[in-house]
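In this note's numbering, the protein residues as written are -18 to 398.
The structure appears below as structure tokens.
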Ligand code: HMG
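Structure, rendered in structure tokens:
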């Protein structure tokens, strides 16, 4: 049975900051943010935008642009680590806003940046069990990544949502569910206590945790692939991929991950100055870097980051990659990780033309670092009952769904659909 992605799109908040301006304001060489981390711009959510409004905007766009019948959806999963309530899931708000059928399962999933991948795994198994009976699953990744001003994590913030329709009509990407590889281990690399709006990270340790999880998950993928195809484990399975996608907390992390991947394939450590390092860089430039342009302009959107990179690939390279396998690596701090793969569908190139990432990003407005700092301060209050900071007129934001603050302990949303 075939299963995969039938439709994909994304939403970002109204505002962004320029990373050179942020670096200058912090007294840091801009080359560190732009070249050292690979980030050029960073999306920032105002107090009128939360993970409900971002998820709903992405979901609405998906339904409208791909002409999807809401009644065909019988499962909606929102992956997030930016919950708006300890009990009520984002999915119930989104279910209402998208006018989905009541004959639908709706829930939220959390495991740091892995949440949406967990949603996809659930949707894939549901469809492959044949209990979906032709119905589809809507999986939305929605997050606001925040470490706070003047922290090492600050240049690796971002905000956005990616919506994907998973079905037995994988018009964009067909999954290869027989070959997944996963890995879990309890590590304190990144976390956000319930009393804090901002995440804490042991930054350099988190990079090592990510790379270790990558090696372990890829090793399991190779075992599964080899046993299915009767090949020995020394086979360079990685050469079957025409492109490699990674979880992207910042662009340079994908380069580090791809170096690890190359080292595993070649069975040796590669260092700058070695001829192998130059060929690794060449390979990175052709199989990975072209898919990181959106991540460089949006920032870390946590669980949606891998799928933003997938959108980038489908939009730019569907024609060239039609019929070819691509790899995907999802990492959620804490940690759990998955290495999986899919085949780009020949129909993708015509279908994805419906959506322009440039148009989505062009609708954003650049704000000054002073305004961004004010926005961070006021956003910290936005979830308190009767806080008066989420007035769209104060922030000059508009959109199909906006957060208006919490009144009488209930979150209020405006809808102009
Ligand atoms: P830092 O310590 O400020 O930066 O924090 P650094 O000193 O490591 O420098 C960064 C890079 O810039 C280095 O490149 C420097 O050499 C370079 P590298 O050596 O690594 O290739 N650099 C320069 N380049 C050009 N010109 C210069 C210059 N100066 C330095 N003048 C860190 C960086 C990523 C640790 C920090 O931003 C952080 O803590 N971020 C948050 C944690 C994170 O993103 N971790 C990633 C792995 S964990 C993960 O992906 C999960 C996550 O998404 C959460 C989830 O799962 O929910 C985070």
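All C-beta atoms in this analysis are idealised placements derived from N, C-alpha and C, irrespective of residue type, glycine included.
Values in this document were obtained by computation on a predicted structure and should not be read as measured data.
query                                                                                                                       : result
Where residue 196 falls: helix, strand or coil (DSSP)                                                                       : helix
N-terminal and C-terminal residue of the alpha helix (DSSP H) that residue 43 is part of                                    : 32 to 46
Beta-carbon proximity list for residue 38, same chain, < 8 angstroms, skipping 5 on both sides                              : -8, 142, 380, 381 and 382
Residue of 231, 49, 378 and 190 minimising C-alpha distance to residue 117                                                  : 49
Extent of the continuous alpha helix (DSSP H) run through residue 330                                                       : 329 to 332
Beta-carbon separation (whole angstroms), residue 237 vs residue 192, contact threshold 8 angstroms                         : 6 angstroms
Per-residue DSSP class, three states only, for residue 390                                                                  : coil
Helix, strand or coil at residue 222 [DSSP, three-state]                                                                    : strand
Any non-hydrogen atom of ligand 1 within 8 angstroms of residue 16 CB                                                       : yes
Cβ-Cβ separation, residue 24 to residue 139 (assumed contact under 8 angstroms), whole Å                                    : 5 angstroms
Opening and closing residue of the beta strand (DSSP E) in which residue 323 lies                                           : 317 to 325
Residue 107 beta carbon less than 9 angstroms from that of residue 99                                                       : no
Simplified DSSP state of residue 375, which is helix, strand or coil                                                        : helix
Residue 349 to residue 156 span [Cα, whole Å]                                                                               : 42 angstroms
Beta-bridge partners of residue 3, as assigned by DSSP                                                                      : DSSP, once it has assigned bridges, lists no residue as partnering residue 3.
Distance cut-off 8 angstroms: residue 290 Cβ against heavy atoms of ligand 1                                                : no
Proximity to residue 271 [Cα-Cα], best of 290, 285, 258 and 261                                                             : 290
Other residues of its chain near residue 14: CB distance less than 6 angstroms, five sequence neighbours each side excluded : 0, 4, 20 and 136
Delimiting residues of the beta strand (DSSP E) encompassing residue 117                                                    : 117 to 126
Classification of residue 240 by the beta-carbon crowding that lies within 10 angstroms, buried from 16 upward              : buried
Burial state of residue 213, where buried means 16 or more other Cβ atoms lie within 10 Å                                   : exposed
Closer than 8 angstroms: residue 239 CB and nearest ligand 1 heavy atom                                                     : no
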